[in-house]
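Engineer: In my numbering, the protein residues as written are 24 to 659.
Just so it is clear, CB atoms sit at the ideal spot from N, CA and C, and this is done for glycine as well.
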């Protein structure tokens with residue numbers, strides 16, 4: 024058996040170059056590249072190895088550890104989890120900055136390889152720069168925080184440990200049922216330490232993504248429940264998208280008159296213009312989808328985790344009569360809501376079910392078409408909502424006084440409604456463009472209003488709803504789709520949280536488009552506090568003398584080198600979008616939008632903790648209303 028003498032870091036890079044994935048007869052490299060922010064913990068280890076021989080890996084210099092990891096996550100998601108970028112950081116704060124991104128990957132079941140540097144294995148220079156100290160254990164480092172947000176975690180303190188650690192990490196990342204972040208913390212001195220590695224370790228290794236078929240018991244049980252139902256619905260989750268189940272979903276929906284409703288992760292698996300697609304379901308759902316959910320006697324969850332936003336905090340369904348059938352590669356997820364479990368690949372399971380449903384048809388009749396037409400009429404209405412000083416009745420939040428709304432209009436110099444701007448954007452961008460979002464009030468408008476006429480063009484990170492994901496995620500989407508326009512839908516709050524990878528996009532000439540909705544505050548949470556009886560407290564952006572802040576975000580992006588626009592009317596917005604298409608550089612369109620002009624309602628409810636004791640009558644009423652809602656909620 025031959026050996027090759029390499030440092031741990033050199034062995035790592037050599038191994039990454041030899042990992043392949045095999046899906047449906049096609050084989051391709053699994054690791055596309057590696058993002059880096061170099062520091063003393065990794066620059067002379069992994070940095071040296073990459074400089075010496077990166078192989079086919081594309082090496083991208085990030086600007087913020089969380090940001091570049093979010094870009095890596097978005098890339099993997101756009102590649103349907105069949106390709107990844109690795110991420111390397113220094114020790115201490117560099118690795119700590121990855122924690123939010125690791126949580127994002129875990130919540131969304133996205134594979135990404137995180138390589139945070141660690142303290143010295145020898146402990147000779149302890150405590151080193153950026154090392155934490157605990158009285159009860161020297162072995163604890165910043166990287167122990169990754170244990171809660173990693174699907175697989177390991178610490179490498181000897182070169183030879185790298186081999187088993189990497190093999191385990193790739194087993195996890197290439198398993199659809201367990202996919203998520205793999206974190207391998209490598210002691211910084213060990214990165215440069217040499218070892219005689221077995222040559223076989225660096226041979227081409229193929230990871231097979233085999234589609235798990237349902238067993239006969241699962242198929243018969245699923246078919247029996249569907250045939251017994253009169254008004255089933257299919258919830259299309261992210262697992263359906265990763266499985267590529269579009270065609271069979273459409274076939275079953277069309278043949279049996281079954282409505283499709285979508286989660287944020289599942290949206291655009293099937294195009295919005297498909298007649299049986301009623302749109303998003305749950306808290307951010309359309310009235311059409313939520314009507315179907317309320318009447319359903321069987322919910323067929325395909326690749327969904329049933330988060331509170333999908334189930335309206337477990338109040339979206341009539342639990343007295345509604346049953347659940349869950350198809351998922353994760354056994355854990357199939358047990359949700361006490362459903363019948365089919366542990367299988369979504370596409371394969373649905374294709375196998377098709378033959379068992381011959382002759383079956385639901386009792387919806389023409390209802391689905393009527394519900395969809397009704398919703399499209401409401402969407403058209405929302406596209407023309409305007410602000411009038413003389414007679415403005417806020418579409419959503421009647422607690423928000425005319426006086427304060429006038430104050431915002433004067434401060435931001437705008438009369439543009441957020442929902443109107445959203446639909447104008449949707450109508451103007453190219454249909455095959457990819458839209459990316461994550462947090463704030465924009466996800467609601469996106470799930471309700473965004474019309475995806477091309478499959479897999481909608482990218483909403485709502486498993487973790489991590490503020491700051493939007494722009495970094497758009498860079499990742501652009502890496503996956505270099506020939507398409509990609510758009511970040513971001514509020515001013517999220518922009519302020521994290522936008523550093525806009526610079527990375529400009530640096531590497533990966534054109535992205537940032538659509539910045541500025542309502543001078545954390546508008547989504549301001550809505551939430553006011554809905555539940557509180558005042559507007561610490562969620563608006565106001566100066567020390569209580570003036571609304573008007574920040575020139577376009578000037579900020581212009582300073583980075585982006586082509587920028589300011590658009591406070593629909594006509595200005597459409598003109599900016601058309602001109603942005605012609606640019607080769609990244610762009611930013613700043614829109615000043617009025618608060619409280621986002622969509623809301625449509626038979627949905629979100630359970631949040633409300634103060635049980637308060638002197639304020641409005642909070643008392645909110646608490647009582649919550650208790651009433653909980654009476655119709657399922658508890659498990």
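Counting along the chain, where does the beta strand (DSSP E) carrying residue 255 start and finish?
Structural biologist: Taking the chain shown and counting its residues from 1, the one referred to as residue 255 is at position 232. From DSSP, the beta strand (DSSP E) with residue 255 extends over 255-259.
Engineer: What would DSSP say about residue 534, mapped onto helix, strand or coil?
Structural biologist: Counting from 1 along the chain shown, the entry for residue 534 is found at position 511. DSSP places residue 534 in coil when its eight states are reduced to three.
Engineer: Would residue 60 and residue 99 be called neighbours here (beta carbons separated by less than 8 Å)?
Structural biologist: Walking along the chain shown from the start, residue 60 turns up at place 37. Walking along the chain shown from the start, residue 99 turns up at place 76. No; because the gap between Cβ atoms is not below 8 Å, this pair is not in contact.
Engineer: List the whole-angstrom C-beta distance separating residue 332 from residue 373, where the pair is believed to meet the contact cut-off of C-beta under 8 Å.
Structural biologist: Indexing the chain shown from 1 puts residue 332 at position 309. Indexing the chain shown from 1 puts residue 373 at position 350. Contact flag wrong, Cβ pair sits at about 24 Å.
Engineer: For residue 109, list the residues DSSP reports as bridge partners.
Structural biologist: Within the chain shown, numbered from 1, the residue matching residue 109 stands at position 86. DSSP output for residue 109 lists 57 and 136 as bridge partner(s).
Engineer: Using the Cα positions of residue 444 and residue 124, report the straight-line distance between them to the nearest angstrom.
Structural biologist: The sequence position of residue 444 within the chain shown is 421, counting from 1. The sequence position of residue 124 within the chain shown is 101, counting from 1. One C-alpha to the other measures close to 29 Å.
Engineer: Report the residue ranges of all beta strand (DSSP E) runs contained in full by the segment 255-321; include only those spanning at least 3 residues, in chain order.
Structural biologist: Runs of the beta strand (DSSP E) inside the segment 255-321: 255-259, 283-285 and 300-303.
Engineer: What are the complete beta strand (DSSP E) segments, minimum 3 residues, inside the segment 393-472?
Structural biologist: Segments of the beta strand (DSSP E) lying fully in the segment 393-472: 457-460.
Engineer: Do you know offhand how far residue 420's Cα is from residue 547's?
Structural biologist: As a first step, residue 420 must be located in the chain shown, where it is residue number 397. As a first step, residue 547 must be located in the chain shown, where it is residue number 524. Any reading at residue 420 needs caution, since the residue's pLDDT is 45, under 50, leaving its predicted position unreliable; the model's value is listed next. Approximately 11 Å, taken between the alpha carbons.
Engineer: According to the Cβ coordinates, are residue 610 and residue 536 closer than 8 Å?
Structural biologist: Reading the chain shown from its first residue, position 587 is the one you call residue 610. Reading the chain shown from its first residue, position 513 is the one you call residue 536. Contact flag set, yes.
Engineer: Classify residue 476: buried if its beta carbon has 16 or more other beta carbons within 10 angstroms, exposed otherwise.
Structural biologist: Along the chain shown, read from residue 1 onward, the residue named residue 476 stands at position 453. So residue 476 ends up on the exposed side.
Engineer: Considering only residues of the same chain and omitting the five flanking positions on each side of residue 58, which have a CB-CB separation below 6 Å?
Structural biologist: Within the chain shown, the letter at position 35 stands for residue 58. Closer than 6 Å at the Cβ level, and outside the excluded window around residue 58, lie 83, 85, 91, 95, 108 and 110.
Engineer: Let's test the definition: count the other Cβ atoms within 10 Å of the Cβ of residue 296 and tell me whether it reaches 16, buried, or not, exposed.
Structural biologist: Residue mapping note: residue 296 aligns to position 273 of the chain shown, counting from 1. Classification for residue 296: exposed.
Engineer: Going by other Cβ atoms of all chains shown within 10 Å of its Cβ, with 16 needed for buried, is residue 378 buried or exposed?
Structural biologist: Locating residue 378 in the chain shown gives position 355, where the first residue counts as 1. Result: exposed.
Engineer: Assign residue 104 to one of two classes, buried (16 or more other C-beta atoms within 10 Å of its C-beta) or exposed (fewer than that).
Structural biologist: Mapped onto the chain shown, residue 104 falls at position 81. Residue 104 comes out buried.
Engineer: Do residue 437 and residue 591 have their beta-carbon atoms positioned less than 8 Å apart in this structure?
Structural biologist: As a working note, residue 591 is residue 568 in the chain shown. As a working note, residue 437 is residue 414 in the chain shown. Going by C-beta atoms, residue 591 is nearer than 8 Å to residue 437.
Engineer: I'd like the list of long-range same chain contacts for residue 285, defined as Cβ closer than 6 Å, with 5 residues on each side in sequence excluded.
Structural biologist: The residue given as residue 285 occupies position 262 in the chain shown. Hits under 6 Å: 259 and 303.
Engineer: Taking Cβ positions, are residue 388 and residue 326 nearer each other than 8 Å?
Structural biologist: Here residue 388 refers to the residue found at position 365 of the chain shown. Here residue 326 refers to the residue found at position 303 of the chain shown. It is not a contact, given that the beta carbons lie outside the stated cut-off.
Engineer: Would you report the Cα separation of residue 623 and residue 79, rounded to the nearest angstrom?
Structural biologist: Stepping through the chain shown from its first residue, residue 623 is reached at position 600. Stepping through the chain shown from its first residue, residue 79 is reached at position 56. Rounded to whole angstroms, residue 623 to residue 79 spans 48 Å at the Cα level.
Engineer: Which word fits residue 290, buried or exposed, when buried means at least 16 other C-beta atoms lie within 10 angstroms of its C-beta?
Structural biologist: Mapped onto the chain shown, residue 290 falls at position 267. The residue in question, residue 290, is buried, as its Cβ has 16 or more Cβ neighbours within 10 Å.
Engineer: Is residue 418 buried or exposed, if buried means 16 or more other CB atoms sit within 10 Å of its CB?
Structural biologist: Locating residue 418 in the chain shown gives position 395, where the first residue counts as 1. Note on residue 418: pLDDT 44, under 50, position unreliable in the model; the coordinate value appears next. Under this definition residue 418 is a buried residue.
Engineer: In angstroms, rounded to a whole number, what distance separates the CA positions of residue 526 and residue 77?
Structural biologist: For the purposes of this step, residue 526 is identified with residue 503 of the chain shown, where counting begins at 1. For the purposes of this step, residue 77 is identified with residue 54 of the chain shown, where counting begins at 1. Taking the straight line joining both Cα atoms gives about 23 Å.
Engineer: Could you tell me the boundaries of the alpha helix (DSSP H) in which residue 515 lies?
Structural biologist: To locate residue 515, count along the chain shown from 1; it is residue 492. Here the alpha helix (DSSP H) through residue 515 covers 515-520.
Engineer: Please report the straight-line C-alpha distance between residue 42 and residue 271, rounded to a whole angstrom.
Structural biologist: Counting from one through the chain shown, the residue named residue 42 turns up at place 19. Counting from one through the chain shown, the residue named residue 271 turns up at place 248. So the two alpha carbons sit approximately 31 Å from each other.
Engineer: Measure the Cβ-Cβ separation of residue 164 and residue 197 and say whether it is below 8 Å.
Structural biologist: As a position in the chain shown, residue 164 is number 141, starting the count at 1. As a position in the chain shown, residue 197 is number 174, starting the count at 1. Not closer than 8 Å, so no.
Engineer: My parser needs the alpha helix (DSSP H) runs of 4 or more residues fully inside the segment 176-248; what are they?
Structural biologist: Segments of the alpha helix (DSSP H) lying fully in the segment 176-248: 184-196 and 211-214.
Engineer: List the DSSP bridge partners of residue 38.
Structural biologist: Position 15 of the chain shown, counted from the first residue, corresponds to residue 38. Residue 38 pairs with nothing; no bridge assigned.
Engineer: To the nearest angstrom, how far is it from the Cα of residue 654 to the Cα of residue 37?
Structural biologist: Position 631 of the chain shown, counted from the start, is the residue given in the question as residue 654. Position 14 of the chain shown, counted from the start, is the residue given in the question as residue 37. Rounded to whole angstroms, residue 654 to residue 37 spans 58 Å at the Cα level.
Engineer: On a Cα-Cα basis, can you pick out the residue from 521, 470, 553 and 497 that is closest to residue 101?
Structural biologist: Against the chain shown, residue 101 aligns to sequence position 78. Residue 497 is the option with its Cα nearest to residue 101.
Engineer: Please determine, among 346, 516 and 463, the residue with the shortest C-alpha to C-alpha distance to residue 551.
Structural biologist: Residue numbering aside, residue 551 sits at position 528 when the chain shown is read from its first letter. Here the closest residue by C-alpha is 463.
Engineer: Keeping to the same chain, check which residues put their C-beta closer than 6 Å to that of residue 626; ignore five residues upstream and five downstream.
Structural biologist: In the chain shown, the residue the question calls residue 626 occupies position 603. Within the same chain, residue 626 has close Cβ partners 313.
Engineer: Counting pairs of Cβ atoms below 8 Å between the segment 186-200 and the segment 351-365, do you hit three or more?
Structural biologist: Yes, the segment 186-200 is in contact with the segment 351-365.
Engineer: Mind checking who residue 71 pairs with in its DSSP beta bridge?
Structural biologist: Taking the chain shown and counting its residues from 1, one reaches residue 71 at position 48. According to DSSP, which records beta bridges pairwise, residue 71 is partnered with nothing at all.
Engineer: Let's test the definition: count the other Cβ atoms within 10 Å of the Cβ of residue 468 and tell me whether it reaches 16, buried, or not, exposed.
Structural biologist: Residue mapping note: residue 468 aligns to position 445 of the chain shown, counting from 1. Residue 468 comes out buried.
Engineer: If we ignore side chains and look at the alpha-carbon of each, how far apart do residue 416 and residue 515 end up?
Structural biologist: Translated into positions along the chain shown, residue 416 becomes position 393. Translated into positions along the chain shown, residue 515 becomes position 492. Only weak support is given to the placement of residue 416: the predicted model assigns it a pLDDT of 49, under 50, and the value that follows is read from those uncertain coordinates. Whole-angstrom Cα-Cα distance: 24 Å.
Engineer: Would DSSP call residue 81 helix, strand or coil?
Structural biologist: Within the chain shown, the letter at position 58 stands for residue 81. In this structure, residue 81 counts as strand in the three-state DSSP scheme.
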